[in-house]
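Working notes, structure below.
In the numbering used here, the protein residues as written are 11 to 513.
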C-alpha cells in the first residue's frame, strides 16, 4: 500500500499536520504554564482570614498589660499571634505603617525592626465580607519578597489600629500573607484543556480531509505523467522506438518527459543510422568480395588475360576491406573509451602540408586544384598518427566530393590561443537539413553515390579524435553545389611544454 506515490504523499502530509498541531499545542501549553497565575483567589482567602481576626481581641486574649507592659507581655503577644497564624494557615506580620518596619513575623523571615519593602495598594473587601468589618478599618494589599529565601508573597492587611499606651502614636497593620500562586501544567490543562483539545481535534480532522484531497491531486499530477513515461519506456524496451510522451506536470516531471523524448529520438536516429550502415556495409563488402572472388577464380581457371592486373585488383580490394575493418575497429575502441593516444609535440602546419603533398597525386588524377598554405605553426600536443588520420580524411573527402575542375584550399593559422586548420572546397556541398548530422556514426549525406559511398564512420571517428585532443571540429556549407568548409581547432601548446620537460 505504502509503495504508491499517493499513499506516501498522504502519510507525509499527515506527519506534517500532526507535527504542526503538536508544536502548536506545546507552544500554547508553554505560554499558559509560564504566565503568572491569578492572585485573586488567594487574596480572597486572605481577606476571609483577615475579617476573622481582631487585633484588640488578640491583645486581650494574650493577657497583655495595657498600662505597664513588660517584655513578658510582648512575648505572650507574639505567641498568641503565632497561634493565630498557625490556626489560620497563613503568615502573619505586624507592620508599623508609619516607619514601614516589621514588629512581628510568624515566619521569622523579617527581623524585629526590619524594613518592610513591598508594593501595596488599597484593597476593597468582597461585598460578602464587609458586614464583618468595623467602619474605621482600612485594607491594603500587595506583595513582598522574603529576605531569607527570596520567595514571593502576596498579602492582605488590615490597618487603622492606634494604641497610645502600647504603640505610641503610630499606625499598625496586621498583615496576612501567603505564597504567590504558581501556574502548573496541570493547572493549565485543567483551565484550558476543555476548550483547547476540541479545537485541535477539529483542526486535525479538517487537515486530514485536506491532506487526502491534496495528496490525490498532487499524486495524479505527478504519477500520471510518470506512468505515461513508464509505459512508453516499456514500449521502447520491446523494440518499438517511435515513442513520444506529452510534456506536462511539475517542472521535474516535465524534465523527465523531455529527456525521454530526446532519448527516444536519439535511439530512433541511431537505429535508422545502424540500418543504413548495415545496408551500406553489406554493399561495400559485397563489391570487393565479388571482385576478389571473380578475379581469383579467373586466375585459378587460367582465364585471366593479365594475371598481374587481376592480382593487383585483388590486392586493392583487400586493402579496401582492410580499411573498413580498421575503421570499424577504431569506432569500437572509441565507443569503449579505449582510444590509445601517444602524445608528442606536433607542428600541425608541417603535418598538414605533408598529408596534402601525398594527396596531391589524387587531386591531379581527378583534375582538382589543391592549394596549400600551411606555414610552420606553434607546436601542439597530440598523437601524430591520429592527427594524420584526421587531416587525411578531411582533405580526402574534399577531393573526393569535388568534381573535375574544382578547387580545394587547405590552410593553417594561429587563432584563439591555438592552431586552426581549414579545408575548403567548391564541390557538391552539404544540404542544410543534413549538416547537423554529418558527424553521426553510420550517417551518410548522399546514400546514392554508388562507388563513392563510404561507411559513414570517417567523420564520426575524426570528431572523436579531435575531441580527445581537446579541440573542436566544425562544418559549414551554403547548400548543395555550394562547396563545404571544415575547420579543426586545437588548443594552445601548454601540453607540449609539459612533454618537453618530461623528456
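By construction, the Cβ of each residue, glycine as well, lies at the ideal position given by its N, Cα and C atoms.
Query raised in the report: Under 8 Å, do residue 521 and residue 110 count as touching if we go by C-beta distance?
Result: Outside the displayed span of the chain (11 to 513) sits residue 521, for which this structure offers no information.
Requested in this report: Taking residue 212 and residue 189 to be in contact with their CB atoms under 8 Å, please state how far apart those CB atoms are, rounded to whole angstroms.
Outcome: Not quite, the Cβ-Cβ distance comes to about 39 Å (not below 8 Å), so this is no contact.
Query raised in the report: Run through DSSP, which three-state label would residue 387 get?
Result: coil
Query raised in the report: Using 8 Å as the threshold, is the region 350-362 in touch with the region 434-444, meaning 3 or more CB pairs across them?
Result: no
Query raised in the report: Which residue from 321, 249, 262, 310 puts its Cα closest to that of residue 282?
Result: 249
Query raised in the report: Residues in its own chain within less than 7 Å of residue 166 by CB, not counting five upstream and five downstream?
Result: 53, 56, 57, 60, 133, 149, 151, 186
**Report entry** Close beta carbons around residue 386, own chain, < 7 Å, minus the five adjacent residues each side
**Finding:** 357, 359, 360
Query raised in the report: Looking at residue 390 and residue 362, is the spacing between their C-beta atoms short of 8 Å?
Result: no
Query raised in the report: Using the beta-carbon count (16 or more within 10 Å), is residue 416 buried or exposed?
Result: buried
Query raised in the report: Of all the options 191, 298, 118, 181, which has the alpha carbon lying nearest to the alpha carbon of residue 153?
Result: 191
Query - From 426, 470, 309, 369, residue whose alpha carbon lies closest to that of residue 343 - result: 470
Query raised in the report: Skipping 5 residues on each side, what residues in its chain have a beta carbon closer than 8 Å to that of residue 333?
Result: none
Query - Same chain only: Cβ atoms within 7 Å of residue 92, ignoring 5 sequence neighbours per side - result: 116
Query raised in the report: The beta strand (DSSP E) with residue 421 in it runs from where to where?
Result: 417-424
Query - Distance, residue 501 Cα to residue 508 Cα - result: Caution is warranted here: a pLDDT of 42 is assigned to residue 508, below 50, making its placement in the model unreliable, and the coordinate value is therefore given only provisionally. Whole-angstrom Cα-Cα distance: 14 Å.
Query raised in the report: Opposite residue 434 in the DSSP bridges: which residues?
Result: 419, 495
Query raised in the report: Fully enclosed by the region 47-105, which alpha helix (DSSP H) runs are 4 residues long or longer?
Result: 50-61, 65-71, 81-98
Query raised in the report: What does a CB cutoff of less than 7 Å around residue 481 pick up in its chain, not counting 5 residues either side in sequence?
Result: 498, 499, 500, 501
Query raised in the report: Hey, residue 381 and residue 435: beta-carbon distance below 8 Å or not?
Result: no
**Report entry** Beta-carbon proximity of residue 94 to residue 112, cut-off 8 Å
**Finding:** no
Query raised in the report: Just to confirm, are residue 299 and residue 467 a CB contact at a threshold of 8 Å?
Result: no
Requested in this report: Check the DSSP bridge columns for residue 393 and list the partner residues they point to.
Outcome: 353
Query raised in the report: First and last residue of the alpha helix (DSSP H) that includes residue 470?
Result: 468-478
Requested in this report: Go ahead and label residue 305 buried or exposed: buried means 16 or more other beta carbons lie within 10 angstroms of its beta carbon, across all protein chains shown.
Outcome: buried
Query raised in the report: Alpha carbon to alpha carbon, how far is residue 168 from residue 70?
Result: 18 Å
Query - Coarse secondary structure for residue 304, derived from DSSP in three states - result: helix
Query raised in the report: Going by C-alpha distance, which of 375, 158, 396 is nearest residue 336?
Result: 396
Query raised in the report: In chain order, what residues of the same chain have a beta carbon less than 8 Å from the beta carbon of residue 512, not counting five sequence neighbours either side?
Result: Unreliable positioning characterises residue 512 in this predicted model, as indicated by a pLDDT of 41, which lies under 50. The coordinate reading is nonetheless provided below. If we look at residue 512 and ignore the five residues flanking it on each side, it has no Cβ neighbours.
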